[in-house]
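Notes for the one structure printed next.
Residue numbers (the working numbering): -19 to 135.
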């Protein structure tokens, strides 16, 4: 019995690592889809798709722009200040995923923003998103967008 227990303990990290890898892949797919809709949000269908990732009461904290307290305000700001003007690219190797017990998932990373119609990617920022697991889907309830700075690599 002790050997069986020890064997089970040795397998636990393998199972956990597989679960982490699956979650990492799932969240990367969601991040990609979220920002694909953002990058095309000058199309009303894509803007609606982008909005669908966020909870109605999402809180969006932006170090330069301040706070928005709901999805409608956040999407109005996105439409006014970003759609058709900028696209977002995730900085390779910066995306991290953490589970939050009895809630969902936290993602964080660094992204750059590129001006449409050119190859200039002037802005860089860090982000944290809290995704609430509703069983049939995940929705974003909190966003922190901070550390906005010049992108010295400029792409």
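All C-beta atoms, glycine included, are put in the ideal place defined by N, C-alpha and C. Remember, it's a predicted structure, so these values are computed and weren't measured experimentally.
- Task: Express the C-alpha separation of residue -1 and residue 27 in angstroms, rounding to a whole number.
- Result: Locating residue 27 in the chain shown gives position 47, counting from the first residue. Locating residue -1 in the chain shown gives position 19, counting from the first residue. As the crow flies, the alpha-carbon of residue 27 is around 32 Å from that of residue -1.
- Item | Simplified DSSP state of residue -5, which is helix, strand or coil | To locate residue -5, count along the chain shown from 1; it is residue 15. With a pLDDT of only 45 at residue -5, under 50, the local geometry of the prediction cannot be trusted, and the value read off the model is given with reservation. Correct three-state label for residue -5: helix.
- How big is the Cα-Cα spacing for residue 93 and residue 34? As a first step, residue 93 is located in the chain shown; it is residue number 113 there, counting from the start. As a first step, residue 34 is located in the chain shown; it is residue number 54 there, counting from the start. If you draw a straight line from the Cα of residue 93 to the Cα of residue 34, it comes to about 20 Å.
- Have a look at residue 113 and residue 119 and give me their C-alpha separation to the nearest angstrom. In the chain shown, residue 113 corresponds to position 133, counting from 1. In the chain shown, residue 119 corresponds to position 139, counting from 1. Near 7 Å, if we compare the C-alpha coordinates of residue 119 and residue 113.
- Message: Within the continuous alpha helix (DSSP H) that includes residue 90, where are the two ends?
- Response: The residue labelled residue 90 in the question sits at position 110 within the chain shown. Run containing residue 90: none in the alpha helix (DSSP H); it sits in the beta strand (DSSP E), 84 to 95.
- Item | Exposure label - residue 17; buried when at least 16 CB within 10 Å | The sequence position of residue 17 within the chain shown is 37, counting from 1. With 16 or more other Cβ atoms inside 10 Å of its own Cβ, residue 17 counts as buried.
- Item | residue 65 to residue 96 span [Cα, whole Å] | The sequence position of residue 65 within the chain shown is 85, counting from 1. The sequence position of residue 96 within the chain shown is 116, counting from 1. Pairing residue 65 with residue 96, the inter-Cα distance amounts to about 5 Å.
- Start and end residues, beta strand (DSSP E) containing residue 38: Indexing the chain shown from 1 puts residue 38 at position 58. 34 to 42 is the span of the beta strand (DSSP E), which, as asked, contains residue 38.
- Same chain, Cβ closer than 6 Å to residue 40, neighbours up to 5 away in sequence not counted: If you number the chain shown from 1, residue 40 lands on position 60. In its chain, beyond the 5 residues on either side, 48, 54 and 123 have a beta carbon closer than 6 Å to the beta carbon of residue 40.
- If you drop the 5 nearest sequence neighbours on each side, which residues of the same chain put their C-beta closer than 7 Å to that of residue 131? Locating residue 131 in the chain shown gives position 151, where the first residue counts as 1. Same-chain partners within the cutoff: 92, 101, 102, 103 and 104.
- Query: Smallest Cα separation from residue 52: which of 69, 32, 129 and 71?
  - Reply: For the purposes of this step, residue 52 is taken as residue 72 along the chain shown, with counting starting at 1. Measuring from the Cα of residue 52, the nearest candidate turns out to be 32.
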